[in-house]
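J.:
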Amino acid sequence: QITLKESGPTLVKPTQTLTLTCAFSEFSLSTSGVGVGWIRQPPGKALEWLALIYWNDDKRYSPSLKSRLTITKDTSKNHVVLTMTNMDPVDTATYYCAHHHVGNAFDIWGQGTMVTVSS
Amino acid sequence: DVVMTQSPISLPVTLGQPASISCRSSQSLIYSDGNTYLNWFQQRPGQSPRRLIYKVSTRDSGVPDRFSGSGSGTDFTLQISRVEAEDVGVYYCMQGTHWPLTFGQGTKLEIK
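Shown next as structure tokens:
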């Protein structure tokens with residue numbers, strides 16, 4: 001069964017760059033139609049989509065955060081990495097990665113990783 | 001961006017009674033291939049979101065048949081025929097037709 005797991009720092013300082021890794025299993029990011037997305041959720045607030053990368057290396061970003069985000073994949077290691085620059089306290093949130101297929105969004109989610117931005 | 005507006009924001013329901021959540025989009029969610037990419041997610045307290053329904057009305061594997069989705073164009077509904085205690089949580093709609101992908105603000109279901 002498909003699983004995804006996020007990892008990264010729990011605490012980052014303002015202005016620092018956040019790097020999160022999504023390790024997944026039981027699917028391949030070299031399979032046509034497959035993608036992995038990132039979604040975040042500030043404490044007590046709604047879900048917000050951040051970025052998505054497809055099997056063909058097509059990348060999509062939230063326009064409001066595009067200048068700060070980079071998503072990459074390592075197909076051989078079954079990893080997707082999200083970097084977010086210039087972190088601010090408002091970026092404090094739980095960050096999720098999720099399996100995606102063209103026309104079939106976010107059917108499986110990781111457990112999430114909580115990131116706090118504070119000096 | 002397509003704005004997804006859910007109502008109500010809070011939904012107190014008696015066990016065994018039905019519940020209904022509305023989701024309206026600021027643009028039609030019909031894609032050029034004829035499909036409508038409207039999804040519903042459930043987030044139980046302390047858990048990750050779980051997809052319940054995709055393409056308006058198709059239930060995911062393992063989702064009880066008391067959950068159903070309906071709607072078209074810009075107006076969609078998630079219905080629970082008989083609410084159970086395990087249904088407590090926040091429900092989100094999400095559109096996958098237009099970039100960027102967008103979620104509703106969530107509807108918190110609680111037991112009255």
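Chains C and W are the protein sequences, given in the same order. Under the working numbering, the first sequence has 42 at position 42, and the numbering climbs by one with no breaks. Under the working numbering, the second sequence has 6 at position 6, and the numbering climbs by one with no breaks. Yeah, the Cβ is synthetic: ideal placement off N, Cα and C, and Gly gets one too.
(1) Just curious, the beta strand (DSSP E) that C/G37 is in, first and last residue?
(2) Just checking my contact of C/L50 with C/L69 at CB under 8 Å: how many whole Å lie between their CB atoms?
(3) Taking the C-alpha atoms as reference points, what is the distance between C/P42 and W/D33?
(4) In three-state terms, what does DSSP make of C/K5?
(5) According to DSSP, which residues form a beta bridge with C/L84?
(6) Once DSSP output is grouped into helix, strand and coil, what is the label at C/D74?
(7) Output, in sequence order along the chain, the residues in the region 84-102 of chain W whose CB is closer than 8 Å to any CB in chain C.
(8) Could you check what DSSP says for W/E84 in three-state terms: helix, strand or coil?
(9) Where does the unbroken beta strand (DSSP E) through W/P12 begin, and where does it stop?
(10) Pairs of beta-carbons, one from the region 4-21 of chain W and one from the region 78-93 of chain C, closer than 8 Å: are there three or more?
(11) CB-CB under 8 Å to C/K59, same chain, minus the five flanking residues each way: which ones, in chain order?
(12) Would the region 39-52 of chain W count as touching the region 82-96 of chain W if we require 3 or more Cβ pairs under 8 Å?
(13) Under 8 Å, with one C-beta from each stretch per pair, do the region 84-95 of chain C and the region 18-26 of chain W reach the 3-pair mark?
(14) In the DSSP output, which residue or residues are listed as bridge partners for W/N35?
(15) CB-CB under 7 Å to C/T10, same chain, minus the five flanking residues each way: which ones, in chain order?
(16) Considering only C-alpha positions, which residue in the set W/P100, W/T74, W/G71, W/L109 is nearest to W/V83?
(17) Are the C-beta atoms of C/D107 and some chain W residue less than 8 Å apart?
(18) Taking W/T36 as the reference, which of C/A105, C/G112, C/S118 has the closest Cα?
T.: The short version:
(1) 34-41
(2) 6 Å
(3) 34 Å
(4) strand
(5) Looking at the sequence provided, one finds Met at residue 84 of chain C rather than Leu. In DSSP, C/M84 forms a bridge with C/L18, C/L69.
(6) strand
(7) Y92, M94, G96, W99, P100, L101, T102
(8) coil
(9) 10-13
(10) no
(11) A51, L52, I53, I71
(12) yes
(13) no
(14) None; W/N35 has no bridge partner.
(15) M114, V115, T116
(16) W/L109
(17) yes
(18) C/A105
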